[in-house]
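First residue of the sequence shown? That's 8 in the working numbering, and the numbers climb one at a time after it.
Note that CB positions come from ideal geometry on N, CA and C, so glycine has one too.
Note that the structure is predicted; figures quoted are calculated from it, not measured.
First up is the structure itself, then whatever we jot down about it.
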Amino acid sequence: MIRIAPSILAADFAALGQAIAAAEAGGADLIHVDVMDGHFVPNITIGVPVVRSLKKVAKVPLDVHLMIEDPDRFAEDFVAAGAAMLSVHLEVLPHLHRTLQYIKSLGAKAGVAINPSTPVSALEEIAGDVDHVLVMSVNPGFGGQTFIPRSESKIQAVRALLDRAGNPAPIEVDGGVDTSNAARLIAAGASILVAGNSIFSAADPAAATRELRAAAATATAAR
Ligand code: DX5
Ligand code: ZN
């Protein structure tokens with residue numbers, strides 16, 4: 008199953024409700040919410056109160072990507088605010104196993120995000136415990152960056168690792184995803200496509216959501 012997760016980072020922050028409605032009209036499966044703290048990444052975006060408001064208007068689940076230094080401190084608040092899926096960065100968590108169990112105990116799906124410079128092998132011991140893996144295909148912090156080509160083989164390696172662990176957890180790919188690379192990413196083993204600019208910088212975000220799904224569906228090895 009291919010899922011499209013439009014990232015509202017690229018939407019007009021004064022009109023997030025309309026952005027979500029447009030993405031949903033185009034068939035979005037999830038709404039991807041990028042939380043940045045100005046420490047883990049050189050940018051600040053939104054926090055718990057905004058997620059709480061988004062939850063009131065979104066019909067599809069919220070996929071919250073925590074690009075913050077201390078996710079343990081805030082996970083409970085984000086789940087209470089409405090996060091159905093929570094992704095935390097491996098790079099900031101010395102006790103990742105504990106964090107994942109904690110997020111699951113809160114009732115959300117617990118995912119691990121990895122930066123472009125983080126090796127797939129860093130997931131080795133945790134591969135059986137993740138509900139999803141988020142492969143960053145740009146350096147986190149900003150929307151509208153260029154897709155890093157190496158991410159494609161990285162997705163294949165993560166898929167192989169999860170398969171070896173007997174874990175069918177989906178792989179989410181985030182950064183520079185558009186109609187030109189969607190099919191290759193699905194063929195490599197991703198099944199959730201996060202897309203910010205390719206959807207919300209388009210004149211018609213609903214149509215762009217449909218077009219991204221159509222492009223993804225052309226993958227020959229679609230899972
Ligand atoms: C980047 C964020 C992404 C971002 C993707 O740090 O994690 O979710 O919104 O934006 P695009 O699709 O424009 O690269
Ligand atoms: Zn993201």
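>> Quick check on the DSSP output: the beta strand (DSSP E) that includes E179 runs from which residue to which?
In response: 178 to 181
>> Check whether the stretch 87 to 99 and the stretch 49 to 67 touch, using three or more Cβ-Cβ pairs below 8 Å as the test.
In response: yes
> According to DSSP, which residues form a beta bridge with V42?
Replying inline: L73
> What number of angstroms, rounded off, separates the C-alpha of S198 from the C-alpha of A21?
Replying inline: 30 Å
>> Buried or exposed, going by whether 16 or more other CB atoms sit within 10 Å of the CB of M8?
In response: exposed
>> Considering only their Cβ atoms, is the gap separating D185 from V201 smaller than 7 Å?
In response: no
> Considering only residues of the stretch 89 to 144, which uninterrupted alpha helix (DSSP H) runs meet the minimum length of 4 residues and lie entirely inside it, listed in chain order?
Replying inline: 103 to 112
> Which same chain residues, not among the five before or five after V137, have their C-beta less than 8 Å away from its C-beta?
Replying inline: L107, A117, G118, V119, L130, L169, N174, A176
>> Could you pull the DSSP bridge partners for P13 from this structure?
In response: A202
> By DSSP, does I155 sit in helix, in strand, or in coil?
Replying inline: coil
> For I193, does the three-state DSSP call read helix, strand or coil?
Replying inline: helix
>> For A18 and A214, what's the separation of their Cα atoms in angstroms?
In response: 15 Å
>> Using only CA atoms, which one of A222, M43, L103, I162 lies nearest to S144?
In response: I162
> Are the beta-carbon atoms of I75 and L97 separated by less than 7 Å?
Replying inline: no
>> For T225, count the other beta carbons within 10 Å of its own beta carbon; 16 or more makes it buried, fewer makes it exposed. Which is it?
In response: exposed
> Do you know how far the Cα of H46 is from the Cα of A228?
Replying inline: Since pLDDT at A228 reaches only 47, below the 50 mark, its modelled position is unreliable, and the value read off the structure follows with that caveat. Taking the straight line joining both Cα atoms gives about 39 Å.
>> For P212, report the span of its alpha helix (DSSP H) as first-last.
In response: 212 to 223
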